[in-house]
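Numbering (this note's numbering), first residue to last: 3 to 705.
Please read the structure below before turning to the comments.
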Amino acid sequence: MSNHSTNILRTPIEYLKGVGPSKATLLRSEIGIDTFGDLLHYYPFRHNDRRKIIPIAAIQHDGDFVQLIGTVTYHEVIGVGRKKRLTAQFKDKTGIIELVWFQGITFFEKIVAQGGQFMVYGKATRFSGYWCINHPEMEKLEKISLEQLPAFEPVYSSTEKLRFNFLNGKNFTKLVFQLFQQIQENDVEEIIPEEILKRNQFTGRFKALKAIHFPQDYQELEQAQLRLKFEELFIHQIGICKLKLNHHRTTGFVFSKVGDHFNHFYKNLLPFELTEDQKQVLREIRLDTQTGHQMNRLLQGDVGSGKTIVALLCMLLTLDNGFQACLMAPTEILAQQHYESIVSLLASTTIRVGYLSGKTKAKDKKQILSLLATGNLDIVIGTHALIEDTVVFKNLGLSIIDEQHRFGVAQRAKLWTKNTTPPHVLVMTATPIPRTLAMTAYGDLDVSVIKKLPPGRKPISTIHRNEMHRARVMDFIKSEIQQGRQAYIVYPLIEESEKLTFENLQAGYLQVRQFFPDHSYNVAMVHGKQDQHEREQNMTSFVNGHAHILVATTVIEVGVNVPNASVMLIESAERFGLSQLHQLRGRVGRGAEKSYCILLTSNKLSAQGKERMHIMETESSGFVISEKDLLMRGPGDIDGTKQSGTLDLKLADIVHDIGIMELARNECISLLHADAELNLPQHQTLKQHLLKRKDKEIWSKIS
Ligand code: ADP
Ligand code: MG
């Protein structure tokens, strides 16, 4: 590694020809480009294939990006205020298309007024029978000779402020072009070990970076993308794989025996026979806790697969070995349910169980904290409150996190620091997570899976109906109630506003009341605005069978168990994510009766909406549903990815690049297998690169 190489890429951006101090200030504040190196990694989001020009008549699909050549035959500025816009008729030999600008009107008006031939690029949309392009890129044809154009022209994103200061997409092209005049191949360090490059026939780093901006052809672009995506995922995975390796080396408590607490419960108090999967998970955990290293295990199991009892048995194992255990849940309601069910299962024992949440009164909290610190409480169940610094255990041996995607890696880690020797950690996810997420958000954990549900569950019929069928749906619910069953009716949370959610629910309640009048039906309602007491009372009236119908928001999503309920009606089902629908559906089908999940949507549903309802009707596996959910929603929307936070990906996307991710992970594993501390000379550039990054503590801890 030459000094020269680190230096030139660290050169402040103002020193690039064509930038200067004022543009540099903007580049920094607007998009964080500080140095030559940052610009090098400012990738184009697309390339225009400048050779591909189509006639207007050949535009096929709404949403296609098209490049056209023609003339502006007419233009005018219409509307006022926010609706003010410039429209232009653009024509070639085959047809007419409308171009529209809402911003930069004066600027573009001057351009179109010049007349002559233009090249236009943009997304074609169909608008009341006409094709149109909003905010097209537009260029006079004389200025560019077609032959001169590179086949692939990079397109960079810019901001309004940058555009007004002569830093539009096209200017970026020039700057990056200039950058490549000033740097050379050996200025860019190769960070992927040679062996891995060779084995996978990956392009070298400099060549790939050059080609991601200015590819000669499509193939070169693809190879550059592959190499750079691999690099991103490799850098990401190597941290996670190292973390996993570190876990396996972290000293942990040895749970040497299975003792009285476990055995007594297992023989006398267990309300049912464990399923094979549940037994297998217990065996895996038993093995983990005997190795002398810290357990870090993820327990995946579909809704209703019976994770709670596994958690309880693990806690009993912990007590048998002289340690305390804690169970943390993401919401107050879920934590309380865990607490109540565990207290009742352990009622005949001497085990001391406590509860702690943000709502626990100061006086009670003080007492719980002192009991925990002195070892006079065996198990504590609660919410996030458990990770506060004030919570000190005498000897915490096991932390269980029932997380439903809601805790991040960092929060998980906080529970480990509660002792000098970290407790064993078991993370339970109620929603099965897609493979990619398993590799990112949970990639440092060992995985156990409960695949089969406990016996005796009947499959749930899922049916999609729209508004027009509301009366019939309600009649159906009546007939179920007549047969002694109960029903849930769930309304979506309206994310923008608690008030709207509440109004939505109130309106729903009144509507339900019209179908199920007071004199013959009991309808209970639970929602987030009720105080705990009221909510509990209403919930209880449904649990003990008094209320026929429970009207609720998604608060019932987690944990609730009423085996007699046979109908789950979900209102505005199109507003829910697939995984959430699946969670809700899991509230029924818990008893002996045949159960139904009815997805009620508006009459008008988008194609995607229909597809989603269809998936719910035909799929019962939470695993399959979560994969499809991720595909349809994209990774940005998935809780786990947002929270994993460490995902610093520019090119790769964890939905579509799963193959590359798997490859990167495997390469990381074998690399670390051979050189866990990255001490070999051929791994030094990689190690230096990793040490510069934010996850450097993983690497600096060692050696
Ligand atoms: P989840 O995995 O969604 O947390 P729970 O632990 O709440 O599922 O279990 C769902 C229901 O299944 C509970 O009523 C529980 O008592 C019951 N259950 C769990 N394991 C078994 C089993 N092996 N046999 C019968 N019922 C079981
Ligand atoms: Mg659960």
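Idealized CB from N, CA, C, for every residue including glycine.
For H550, DSSP assigns no beta-bridge partner whatsoever. Using a C-beta cut-off of 8 Å, the segment 603-622 makes contact with the segment 458-465, since at least three inter-stretch Cβ pairs fall below that distance. At a threshold of 7 Å, R467 does not count as near the ligand ADP, since its beta carbon sits no closer than that to any of the ligand's heavy atoms. DSSP places S463 in the uninterrupted beta strand (DSSP E) bounded by I462 to N468.
T277 and I662 have their C-alpha atoms some 36 Å from each other.
Comparing alpha-carbon positions, the option among P332, V355, H426 and S481 lying closest to E342 turns out to be V355. Q488 has its Cβ no nearer than 7 Å to any heavy atom of the ligand ADP. In this structure, the CA atom of L692 is about 20 Å from the CA atom of Y44. Per DSSP, the unbroken beta strand (DSSP E) holding T75 starts and ends at F67 to I80.
At least one heavy atom of the ligand MG sits closer than 7 Å to the Cβ of D404.
The C-alpha of I551 lies about 7 Å from the C-alpha of I491.
In the structure shown, L199 adopts helical secondary structure according to DSSP, grouped into three states.
With a cut-off of 7 Å, the C-beta of V590 is classified as distant from the ligand ADP, since no heavy atom of the ligand falls inside that distance. Nearest Cα to K281 within the set K453, Y17, L507 and F67: K453. In this structure, the alpha-carbon of N136 lies about 24 Å from that of A153.
Nearest to V427 by alpha-carbon distance, out of R201, F110, N202 and K246, is K246. Straight-line spacing of the CA atoms in T291 and M297 works out to 6 Å. Straight through space, the alpha carbons of H263 and T253 are spaced by roughly 25 Å. At least one heavy atom of the ligand ADP lies closer than 7 Å to the C-beta of I311. For A90, the beta-bridge partners assigned by DSSP are H77 and L101. Within the segment 469-519, the alpha helix (DSSP H) runs of at least 4 residues that lie entirely inside it are, in chain order, 472-484 and 500-517. For R299, the uninterrupted beta strand (DSSP E) segment begins and ends at N298 to G303.
Taking C-beta atoms under 8 Å as the contact rule, Q227 and L633 fail to qualify, at a distance of about 20 Å. The secondary-structure analysis by DSSP pairs I452 across a beta bridge with G303.
The beta carbon of I402 sits closer than 6 Å to the beta carbons of A313, L329 and L428 from its chain, once the five residues preceding and following it are set aside; these are given in chain order. Rounded to the nearest angstrom, the gap between the Cα atoms of S130 and M570 is 40 Å. Around L42, the same chain offers L11, L181 and L211 as residues with beta carbons nearer than 7 Å, after the five sequence neighbours per side are excluded. The beta carbon of A60 lies closer than 8 Å to those of T96 in the same chain, with the five residues before and after it left out. Within the same chain, and ignoring the five residues on either side of R128 in sequence, the residues whose Cβ sits closer than 7 Å to its Cβ are D64. By alpha-carbon distance to G308, the top candidate from D404, V394, Y17 and H266 is D404.
Listed in chain order, the beta strand (DSSP E) runs fully inside the segment 319-360 are 326-330 and 355-358, counting runs of at least 3 residues.
Annotation: V393 to E573 spans about 41 Å, alpha carbon to alpha carbon. In terms of Cβ geometry, P46 and V122 do not form a close pair [threshold 8 Å]. In the assembly as shown, L379 is a buried residue. Its beta-carbon has 16 or more other beta-carbons within 10 Å. A Cβ-Cβ distance of about 4 Å is found for the pair P494 and R577, placing them in contact under the 8 Å criterion. In the three-state reduction of the DSSP assignment, A443 falls in the coil class.
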